[in-house]
Amino acid sequence: MSFGRKPISPAEVEAYRDRAQDGPCFVCGIVDGTNPYDHHIIYQDEKALAFLTMGQVMYGWSLVCPRAHREHAVSDFTEAEYLDLQRLVYAVGNAITKTVPTDRLYVLTLGSQQANRHVHWHITALPPGVPYEEQEYKALSHENGLLDMSEEDKAGLARRIAANLDYSPQ
Ligand SMILES: [Zn+2]
C-alpha cells in the first residue's frame, strides 16, 4: 500500500478552485447523484455520509458530512444534532486508525462562505515516521501532490475502512 506521488498542476489547482467557489455544492451533489466525480462512499444513512476525498494527499483521508446542506460547524446544529454527527466522526476516525498506519489522527473542519460551504469534517491519519517539520499543516498541504492511486485502489481502501466501521445510528 505504498504509493508514489504525482504533483497537482496549476491548471488542476485552478479548476478545483473554480469548482469549490462557483460550482454546485459538491456534497449535495453526492447526495442527489449529480456530482460527476467518483467519490468512494464509506458510510451513508438518512442523516450523514462519509467518503474518501477524491484526491488523496494523505492515505485514507475521509470526510464526514451531514446530508442536509448546513454551513456552520456548530451554529447550524442543535447540540443533539452536532453530537450525533460527531458519533460518526468518532466511528470513522476509529475505522481509519484500524485501517491505515496512524501515528496521530487529525480531525478538522475547514471551508468558508466563499468555497466548499457545505460543512464537512476532515479525518486523516498522520502516518508514523513523518519528520516533525513535515507534520500538521505541511502534511495536509496539496503542495505535497496526490498519492498515485487508481479509482480501484481508492474503492478498495474505502471498502476496508467501511469493514472496520463500528457504527449504528441512534
Ligand atoms: Zn450542500
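In our numbering, the protein residues as written are 10 to 179. Just so you know, even glycine gets a beta-carbon here, dropped at the ideal spot from N, CA and C.
Are the Cβ atoms of residue 130 and residue 111 separated by less than 7 Å? Position 121 of the sequence shown, counting from 1, holds the residue named residue 130. Position 102 of the sequence shown, counting from 1, holds the residue named residue 111. Cβ distance not < 7 Å, so residue 130 and residue 111 don't count as in contact.
Report yes if the C-beta of residue 73 is less than 6 Å from at least one heavy atom of ligand 1; otherwise report no. By 1-based counting over the sequence shown, the position of residue 73 is 64. No, since every heavy atom of ligand 1 falls outside the 6 Å radius drawn around the Cβ of residue 73.
Restricting to Cα atoms, I'd like to know which of 143, 91, 64 is closest to residue 16. Working through the sequence shown from its first residue, we reach residue 16 at position 7. Ranking the options by Cα distance to residue 16, first place goes to 64.
Residue 108 and residue 170: beta carbons closer than 7 Å? The residue you call residue 108 lines up with position 99 of the sequence shown. The residue you call residue 170 lines up with position 161 of the sequence shown. In contact: residue 108 and residue 170 (Cβ atoms closer than 7 Å).
Who pairs with residue 75 in a beta bridge, going by DSSP? Taking the sequence shown and counting its residues from 1, the one referred to as residue 75 is at position 66. Looking at the DSSP assignment, residue 75 forms a beta bridge with 57.
Considering only heavy atoms of ligand 1, does any lie closer than 6 Å to the CB of residue 257? Not covered by the structure: residue 257. The range shown for the chain is 10 to 179.
Leaving out five residues before and five after residue 124 in sequence, what residues of the same chain have Cβ atoms less than 7 Å from its Cβ? Here residue 124 refers to the residue found at position 115 of the sequence shown. Excluding sequence neighbours, residue 124 sits near 29, 30.
Can you grab the Cα-Cα spacing for the pair residue 121 / residue 72, in whole Å? In the sequence shown, residue 121 corresponds to position 112, counting from 1. In the sequence shown, residue 72 corresponds to position 63, counting from 1. One C-alpha to the other measures close to 16 Å.
Examine ligand 1 and report whether any of its heavy atoms sits within less than 6 Å of the Cβ of residue 48. As a first step, residue 48 must be located in the sequence shown, where it is residue number 39. Checking the Cβ of residue 48 against ligand 1 gives no.
What distance in whole Å lies between the Cβ atoms of residue 69 and residue 105, which are believed to be in contact at a cut-off of 8 Å? For the purposes of this step, residue 105 is identified with residue 96 of the sequence shown, where counting begins at 1. For the purposes of this step, residue 69 is identified with residue 60 of the sequence shown, where counting begins at 1. About 5 Å; that satisfies the 8 Å criterion.
Contact check, residue 61 vs residue 167, beta carbons under 7 Å: Within the sequence shown, the letter at position 52 stands for residue 61. Within the sequence shown, the letter at position 158 stands for residue 167. A contact, by the Cβ cut-off of 7 Å.
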